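Worksheet for the structure shown next.
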Amino acid sequence: MSEQKLKSRREFIRLAGMASIGLGAAACAANVAPLPPTTTPASPDSMAAMTPAPAATMVDMDTMHEAGVKKFLDNIGKDARFFGNKLEPKVVNGVKEFTLTCSEIQWDAGGGAMADAMAYNGTVPGPEIRVTEGDAVRVIVKNDMKRQSTSVHFHGQAVPNNMDGVPFITQPPIKPGQSFTYEFTVKNVGSSMYHSHHNSAEQVTRGLLGAFIVDRKDKAKDPAYDSDYTLILNDGVGGFTFNGKGFPYTQPIAARLGEKIRIRYMNEGLMIHPMHLHGLEQLVFAADGWNLPNPYYCDTINIAPGQRFDVIVTAHTAGVWAFHCHILNHAESSNGMFGMVTAVIVK
Amino acid sequence: MSEQKLKSRREFIRLAGMASIGLGAAACAANVAPLPPTTTPASPDSMAAMTPAPAATMVDMDTMHEAGVKKFLDNIGKDARFFGNKLEPKVVNGVKEFTLTCSEIQWDAGGGAMADAMAYNGTVPGPEIRVTEGDAVRVIVKNDMKRQSTSVHFHGQAVPNNMDGVPFITQPPIKPGQSFTYEFTVKNVGSSMYHSHHNSAEQVTRGLLGAFIVDRKDKAKDPAYDSDYTLILNDGVGGFTFNGKGFPYTQPIAARLGEKIRIRYMNEGLMIHPMHLHGLEQLVFAADGWNLPNPYYCDTINIAPGQRFDVIVTAHTAGVWAFHCHILNHAESSNGMFGMVTAVIVK
Amino acid sequence: MSEQKLKSRREFIRLAGMASIGLGAAACAANVAPLPPTTTPASPDSMAAMTPAPAATMVDMDTMHEAGVKKFLDNIGKDARFFGNKLEPKVVNGVKEFTLTCSEIQWDAGGGAMADAMAYNGTVPGPEIRVTEGDAVRVIVKNDMKRQSTSVHFHGQAVPNNMDGVPFITQPPIKPGQSFTYEFTVKNVGSSMYHSHHNSAEQVTRGLLGAFIVDRKDKAKDPAYDSDYTLILNDGVGGFTFNGKGFPYTQPIAARLGEKIRIRYMNEGLMIHPMHLHGLEQLVFAADGWNLPNPYYCDTINIAPGQRFDVIVTAHTAGVWAFHCHILNHAESSNGMFGMVTAVIVK
């Protein structure tokens, strides 16, 4: 089966499956908040893979699985933004100043099936904000959305109450066309997040979320590592995604033999996601930014909505190691792997 | 929009949304056990907030959010039972004797939308039973329900087998009109629960549950704390609730600056609830009543059905700190925050 | 009500309830992957218990609960395979060689309601493979299924990449009629699993899964124990099951007073299962095969898909102790206990 034929077949399945997505994935399994009727449901290619397909022969099934893997391998290195979407600050009188602009966009979780999204600076997730412990930080939030007010909560950061981002409690909502400036000195180290705290069951599931990472001044307090990756787990707009993309449009972590990799899991969805890495054990050393008194090993770490966990993976064995959510219907269907699947590739 | 108009609008939405509650919240998301046809489904105001609303303008949305927050703030201190529903024992020959009467009631999770419930002593949850390590305890359970037998299991307490509350294994069920007396010496310290262990997927989700707390004799074995709160997490009768109430009818924890607050989470529902507190970190020090060998910090703690976790929160910064389940559709909709939301207010 | 009458009544309820299983249990609550139309949904007796029954009188309800408990107690010792389904190796030049044959079978989760399954060596779960740290192991996998290719992943074992079982990444899929031989030296100790890694959301939920247990050479590194049980938690074919069976067709753990029991939990389903044991505390000492630096006590341990936890239970008090998933609608309905329920019986 040619790539072209395969694509149109998948397109057919995607369209044929919409009714059952309505009943199955959106209304039930994904536990997604009901959306207002003025918007259309997310329908990326990857979600299509969750729906009952016309009975495929065994040969079809294998062909489709193979095509997905090939697409994933072909796509390596072609999405620099997947792990590299970082927001550079402007330094103003010693304050690191970041600007986030909210807008309604079409988001492509991969394969060109667009979904109605809300985004910071045009991407889902928004760009990573990265600062250092003790930094003075200013985040200017501009609301360019047409229909909804918003606000930003720095999840995991202890900020003054008036910077906490809860409308009608700590601030007025930021109406369309308005801005709001958050300013605080960074106290908490490690893996935090920023996301909408207004109509959040819709706004966060549609994409108003991002990583807020704080480097420690004294790096000796953390375990040693050579590289540092953030994986934002999501089950909102775009279906089951890592950093906004579903397999085969995810990017792998590439490591040299012996490399110590720090992985920061952040769950911005509505469901748990137990992350399983093949072949290489995970040393869990931090929860929600705080180092654990006693790190422990596992191969499958369960991350609930709102939680972050940091792990160290030592790339002790060469190979392409599958890396996926172990709720199997978040990761594979009879049409092949999809959604929350990527790999650690050790050379 | 006036408060009156708002109320009738919400009433309209509540009624309009019933069909989709039937498909969405009750049958799917909430994972609630099917109920016999002789009873009607729970339909509090708070559940209405989960259903798709007629397309609201942005102004409507903000107005409704603001109204909810105002109602929450206005309601502070007006429900002494929320944290203060405790059952005083009668001391009989050195035995602390408690009486629990089961009955079918209408339960108001807030806002006056009543739901068919089963209750101990007329409230959901039932009143807190509080004793001390080593106490001799007698709990007389009277079944005043019309239609169902019942039993009580002391979840987290190591009792003699014939006091364990499992019908046809450790005792006969307590039929309507009958009583059963549980007697045991309290061995386990910390945060336990009592609840029905007969037809429990219905009886517990309808409200036959409560806290059973055991104070330690040697308080030096626990971390120091100034105040002590129990939060029973539930997704049964009344929708998503803390101590039987959904936002804006929940009560905040009020603390002075510097206060050390002990919070006892107890999950009596059918779903996980990752509890996120803004601004103030949580020191997790006990699981199911047993102190952890190494307490750890987090801002979001995941509690599964049947689990209890005890945390210490130090009120180091003044403000109104949002405190909610981080499965966002357990806590907010386009109509405003609802369900599993409260606050810690530090002055 | 006689046993015969009861049985036909339950049969009636089972059939009457199929439509709502389609909407409720299969499509929504169980979060089960959609199945191809060429197969029929699982419909064991135990699943029937999840569906709304015709309004039962209180007497009916108690009668049905009692019948279930009696059936469980009568069935003790009558299913030696429940805890004893082990695969003996053939030793070939010092290599422990196991053969797994995949086939499509009808699986009885109890009570005779058969479900379309896929099985290793004819059982769900497949037989336990048990080896010792450092062993050279060979697992010959024969695919005798008619319609689907497959592969095997040794979940929790660090193997050479080409033995990792991911089709099109580490090997070609094993087509119907073909075989594949996995060979590796066992490095990881403790509780691992083996299961399909091809079309896994269907193949694993249909039954292609089993325990892979590695005994430690230096047993002094583990806590002391007298007996050793594996409980595979599942919510796939056959409904909510332990080791492939739903209550009342599960088997209890029988212990003498003072016995130290090691229990290995393995979640092979798509949902979390918080396991609650009455009367006897659980010392959690290992996660995914790695011993924890600081074991801790609990009475309810939450196990997510793909995770394994090992606990020690000391049988300090005599009695029949209920032992079940605490998501109550995985364990009980108005027709009685079902699914994920068993007991620890201490004499």
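Protein chains in written order, with my numbering: chain A, 468 to 814; chain B, 468 to 814; chain C, 468 to 814. Just so you know, even glycine gets a beta-carbon here, dropped at the ideal spot from N, CA and C. If you're wondering where the values come from, they're calculated on a predicted model, not measured in any experiment.
So, Pro592 (chain C) versus Leu554 (chain C), is the Cβ gap smaller than 8 Å?
-> Position 125 of the third sequence, counted from the start, is the residue given in the question as residue 592 (chain C). Position 87 of the third sequence, counted from the start, is the residue given in the question as residue 554 (chain C). Cβ atoms of Pro592 (chain C) and Leu554 (chain C): not closer than 8 Å.
CB Lys609 (chain B) to CB Ser646 (chain B), shorter than 8 Å?
-> Residue numbering aside, residue 609 (chain B) sits at position 142 when the second sequence is read from its first letter. Residue numbering aside, residue 646 (chain B) sits at position 179 when the second sequence is read from its first letter. Yes, the pair counts as a contact, with Cβ atoms nearer than the cut-off.
Collapsed DSSP secondary structure at Lys474 (chain A) in the structure displayed = If you number the first sequence from 1, residue 474 (chain A) lands on position 7. In this prediction, Lys474 (chain A) scores a pLDDT of 38, lower than 50, which makes its location untrustworthy; the coordinate-derived value is nonetheless stated afterwards. In this structure, Lys474 (chain A) counts as helix in the three-state DSSP scheme.
With burial defined as no fewer than 16 other Cβ atoms inside 10 Å of the residue's Cβ, what is the status of Asp541 (chain B): buried or exposed?
-> Counting from one through the second sequence, the residue named residue 541 (chain B) turns up at place 74. An exposed status is given to Asp541 (chain B), since fewer than 16 other beta-carbon atoms sit within 10 Å of its beta-carbon.
CB of Pro715 (chain C) within 8 Å of CB of Gly773 (chain B), strictly | In the third sequence, residue 715 (chain C) corresponds to position 248, counting from 1. In the second sequence, residue 773 (chain B) corresponds to position 306, counting from 1. With a cutoff of 8 Å on beta-carbon distance, Pro715 (chain C) and Gly773 (chain B) are scored as not near each other.
Does the stretch 789-801 of chain A come close enough to the stretch 661-679 of chain C to have 3 or more Cβ pairs within less than 8 Å?
-> The stretch 789-801 of chain A makes contact with the stretch 661-679 of chain C; the number of CB pairs closer than 8 Å reaches 3 or more.
In the stretch 629-640 of chain B, which residues sit with their C-beta less than 7 Å from some C-beta in chain A, listed in chain order?
-> none
Would DSSP call Pro511 (chain A) helix, strand or coil?
-> Walking along the first sequence from the start, residue 511 (chain A) turns up at place 44. The pLDDT assigned to Pro511 (chain A) is 33, lower than 50, so where the model puts this residue is not dependable; a value taken from the coordinates is nonetheless given after this. The answer is coil: DSSP assigns Pro511 (chain A) none of H, G, I, E or B.
Rounded Cβ spacing between Ile572 (chain C) and Ala584 (chain C) (contact assumed at less than 8 Å) = Your numbering for residue 572 (chain C) matches position 105 in the third sequence. Your numbering for residue 584 (chain C) matches position 117 in the third sequence. Their Cβ separation, rounded to whole angstroms, is 5 Å, which keeps Ile572 (chain C) and Ala584 (chain C) in contact under 8 Å.
Give the interface partners of Ile739 (chain A) over in chain C, defined as CB-CB distance under 8 Å, in chain order.
-> Translated into the one-based positions of the first sequence, residue 739 (chain A) becomes position 272. Residues of chain C passing the Cβ test: Ile739, Ala771.
Buried or exposed: where does Val813 (chain B) fall if 16 or more other Cβ atoms within 10 Å of its Cβ makes it buried?
-> Locating residue 813 (chain B) in the second sequence gives position 346, where the first residue counts as 1. Result: buried.
is_contact[Thr669 (chain C), chain A] using C-beta, thresh 8 Å | Counted from its first residue, the third sequence places residue 669 (chain C) at position 202. In the sequence on display, residue 669 (chain C) carries Glu and not Thr. Yes, because at least one Cβ of chain A sits closer than 8 Å to the Cβ of Glu669 (chain C).
Taking only the alpha-carbon atoms, compute the straight-line gap between Tyr763 (chain B) and Gln638 (chain A) and give it to the nearest angstrom.
-> For the purposes of this step, residue 763 (chain B) is identified with residue 296 of the second sequence, where counting begins at 1. For the purposes of this step, residue 638 (chain A) is identified with residue 171 of the first sequence, where counting begins at 1. Straight-line Cα distance between these residues: approximately 31 Å.
Sequence ranges, beta strand (DSSP E) only - wholly within the stretch 744-806 of chain B, length at least 3 = 749-754, 757-765, 767-770, 775-781, 786-792
Is Pro719 (chain B) near the ligand MG, judged by its Cβ being under 7 Å from some heavy atom?
-> The ligand content of the structure shown is nil, which means the ligand MG is not present either.
What are the start and end residues of each continuous beta strand (DSSP E) run of 3 or more residues lying completely inside the stretch 559-597 of chain A, in chain order?
-> 562-575, 581-587
Strand pairing of Thr816 (chain A), partner residues [DSSP] = Lying outside 468 to 814, the shown extent of chain A, residue 816 (chain A) is not represented and no answer is given.
Should Ala771 (chain C) and Met733 (chain C) be called a contact, given that it needs their Cβ atoms to be closer than 8 Å?
-> As a working mapping, residue 771 (chain C) is identified with position 304 in the third sequence. As a working mapping, residue 733 (chain C) is identified with position 266 in the third sequence. No.
Look up Asp682 (chain A) in the DSSP assignment and say whether it is helix, strand or coil.
-> Within the first sequence, the letter at position 215 stands for residue 682 (chain A). Strand, per DSSP.
Proximal residues, the stretch 746-779 of chain B versus chain C, C-beta separation under 7 Å = Those residues of the stretch 746-779 of chain B that come within reach of chain C (Cβ to Cβ, closer than 7 Å) are Ala754, Asp755, Trp757, Leu759, Pro760, Asn761, Ala771, Pro772, Gly773, Gln774.
Residue-level contact to chain A via CB, Ser616 (chain C), 8 Å cutoff | In the third sequence, the residue the question calls residue 616 (chain C) occupies position 149. Yes - at least one Cβ of chain A is within 8 Å of the one on Ser616 (chain C).
Does Glu735 (chain A) get closer than 8 Å to chain C when you measure Cβ to Cβ?
-> Translated into the one-based positions of the first sequence, residue 735 (chain A) becomes position 268. False, the Cβ-Cβ gap to chain C never drops below 8 Å.
What do you reckon, are the CB atoms on Val681 (chain A) and Tyr649 (chain A) nearer than 8 Å?
-> Locating residue 681 (chain A) in the first sequence gives position 214, where the first residue counts as 1. Locating residue 649 (chain A) in the first sequence gives position 182, where the first residue counts as 1. Their beta carbons are not under 8 Å apart, which means Val681 (chain A) does not touch Tyr649 (chain A) by this criterion.
Hey, is the stretch 543-554 of chain B in contact with the stretch 628-642 of chain B, meaning 3+ C-beta pairs nearer than 8 Å?
-> no
Taking C-beta pairs closer than 8 Å, name the residues in chain A that Gly623 (chain C) reaches, listed in chain order.
-> In the third sequence, counting from the first residue as 1, residue 623 (chain C) sits at position 156. In chain order: Asp766.
Helix or strand or just coil, what does DSSP make of Phe621 (chain A)?
-> What you label residue 621 (chain A) is simply residue 154 of the first sequence in a count that begins at 1. Reduced to three states, the DSSP call for Phe621 (chain A) is strand.
Thr672 (chain A) - containing alpha helix (DSSP H), residue span | Here residue 672 (chain A) refers to the residue found at position 205 of the first sequence. From DSSP, the alpha helix (DSSP H) with Thr672 (chain A) extends over 667-673.
Name, going along the chain, the residues of the stretch 784-805 of chain C whose beta-carbon falls closer than 8 Å to a beta-carbon of chain B.
-> Listed in sequence order: Thr784, Ala785, Gly786, Val787, Trp788, Ala789, His793, Ile794, Leu795, Asn796, Ala798, Glu799, Ser800, Ser801.
Proximal residues, the stretch 600-616 of chain B versus chain C, C-beta separation under 8 Å = Identification of residues in the stretch 600-616 of chain B having a C-beta nearer than 8 Å to some C-beta of chain C yields Arg614, Gln615, Ser616, given in sequence order.
Indicate the three-state DSSP secondary structure (helix, strand or coil) for Ala722 (chain B) in the structure shown.
-> Locating residue 722 (chain B) in the second sequence gives position 255, counting from the first residue. Secondary structure of Ala722 (chain B) (DSSP, three-state): strand.
Could you check the C-alpha separation between Val606 (chain A) and Ser570 (chain A) for me, to the nearest Å?
-> Sequence index remark: in the first sequence, residue 606 (chain A) carries index 139 (1-based). Sequence index remark: in the first sequence, residue 570 (chain A) carries index 103 (1-based). Taking the straight line joining both Cα atoms gives about 16 Å.
How many angstroms separate the CA atom of Arg729 (chain B) from the CA atom of Ile794 (chain C)?
-> By one-based count along the second sequence, residue 729 (chain B) stands at place 262. By one-based count along the third sequence, residue 794 (chain C) stands at place 327. Cα to Cα, Arg729 (chain B) sits roughly 26 Å from Ile794 (chain C).
Contact under 8 Å by Cβ, Gly601 (chain B) with Asp755 (chain B) = Walking along the second sequence from the start, residue 601 (chain B) turns up at place 134. Walking along the second sequence from the start, residue 755 (chain B) turns up at place 288. No, they are not a contact pair.
Asn734 (chain A) by DSSP, collapsed to three states: which one?
-> Counting from 1 along the first sequence, the entry for residue 734 (chain A) is found at position 267. Asn734 (chain A) sits in a strand when the DSSP states are folded into three classes.
Alpha carbon to alpha carbon, how far is Asn701 (chain B) from His664 (chain B)? Give it in angstroms, no decimals.
-> For the purposes of this step, residue 664 (chain B) is taken as the residue at position 197 of the second sequence. For the purposes of this step, residue 701 (chain B) is taken as the residue at position 234 of the second sequence. About 17 Å.
Starting from Tyr649 (chain C), follow its DSSP beta bridges and name the residues at the other end.
-> The residue you call residue 649 (chain C) lines up with position 182 of the third sequence. Its beta-bridge partners are C:Val606.
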